Amino acid sequence: MKHEGKAMVLKVAMASAVVLMLATCVAPASAAEFADNNQTYIEMANGAFYDPHGDGTYYFNFSKAGGGLKAIHITNSTTNKNGAVYANQNLNGTFYISDTSKNPGCSDSAIVMFGVPGGADTTNLALSITASGYNWTLTPTIMFPSSGSLTYYSNASIGTFGNGDFLENDLELELVDCKWRPYFDENYPMYYGQDMTNTSDTYKVMFIDTGLGTLNATGLGLTDNGMIKVDYGITGYSGNALFDIYTWCNQSVQGKSVSWTNRITGTGSSGWTIGF
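End of the sequence shown = 275 in the working numbering, gap-free, step of one.
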């Protein structure tokens with residue numbers, strides 16, 4: 000499947016993913032899972048926008064327990080920057096990605112993680128993603144981008160994704176079926192309220208790079224208060240699904256890495272689930 004969303008975002012031709020994999024995955028008897036929950040490289044379904052490693056991946060690096068969970072949120076409104084848990088949403092909808100961080104109060108590219116139950120039939124699934132938000136020239140140090148460097152993109156087509164875009168085990172070419180998602184903790188949930196003792200509640204996932212950055216920009220007069228607007232539509236599938244968000248920074252104390260995600264446990268949680 001060829002994805003052209005990034006060319007439409009910044010008019011830059013980007014390479015498409017041909018075989019999707021997570022290099023460190025293994026396949027236990029019950030289901031294949033991420034071999035490493037942290038400090039691992041994950042390939043984007045549409046190629047990494049900035050592609051810092053030249054292979055379509057980003058490095059996921061969370062430095063401590065509880066770290067990276069306060070800055071990024073999923074919300075249904077541009078006036079609610081802290082977001083909430085949004086359950087039982089429709090197969091077509093809109094959510095926003097907000098940033099409440101400080102120093103510098105931004106991240107360079109937001110990544111959408113999409114998941115469905117491991118046993119779901121996704122033969123005909125088609126997920127279309129359109130996004131609106133800001134992009135800028137990467138800063139040379141840890142800093143908020145200057146207003147003059149910001150470019151707003153409205154309704155940019157990120158791409159349409161299907162069964163072939165879920166992560167595969169590169170050794171056995173089987174779909175990766177995971178109970179938890181990448182984070183510092185070894186057993187971090189996919190969605191709010193997930194019963195982590197239920198070994199059958201597993202998901203196959205894909206990671207989609209928007210190429211748009213998050214901005215803590217309330218009061219700066221930016222469109223949607225600097226949030227990223229994500230419009231999605233799902234056809235050929237009618238079961239449960241979920242979205243989580245990660246963000247990548249070119250300059251951070253963690254280095255060039257994905258080190259932020261939406262909290263999904265306890266106070267301050269935000270998430271988006273479909274059908275449940």
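Note that CB positions come from ideal geometry on N, CA and C, so glycine has one too.
No experiment lies behind these values; they were computed from the predicted model shown.
Query	Result
Cα-Cα separation, ALA130 to MET195	32 Å
Residue ranges of each beta strand (DSSP E) within the segment 66-128, 3 or longer	71-74, 84-88, 91-98, 108-116
Distance between TYR187 and SER199 (C-alpha atoms, nearest Å)	15 Å
At least 3 beta-carbon pairs within less than 8 Å: the segment 41-55 vs the segment 201-209	yes
Own chain, CB closer than 6 Å to TRP135, minus 5 neighbours either side, in chain order	PRO144, SER148, LEU149
Meets three-Cβ-pair contact criterion under 8 Å: the segment 82-89 and the segment 177-185	no
Burial state of GLY213 (16 or more Cβ within 10 Å)	Inspection of the sequence shows that residue 213 is occupied by Thr rather than by Gly. It counts as buried.
3-residue-minimum beta strand (DSSP E) runs that sit fully inside the segment 180-260, ordered along the chain	202-208, 227-234, 240-248, 256-260
Secondary structure of SER148, DSSP reduced to three states	helix
Anticipated Cβ contact below 8 Å, ILE157 with TRP247, distance rounded	Between TRP247 and ILE157 the Cβ distance is about 15 Å, and since that is not below 8 Å, they are no contact.
Secondary structure of ASN154, DSSP reduced to three states	strand
Sufficient close CB pairs (3 or more, under 8 Å) joining the segment 226-237 to the segment 252-262	no
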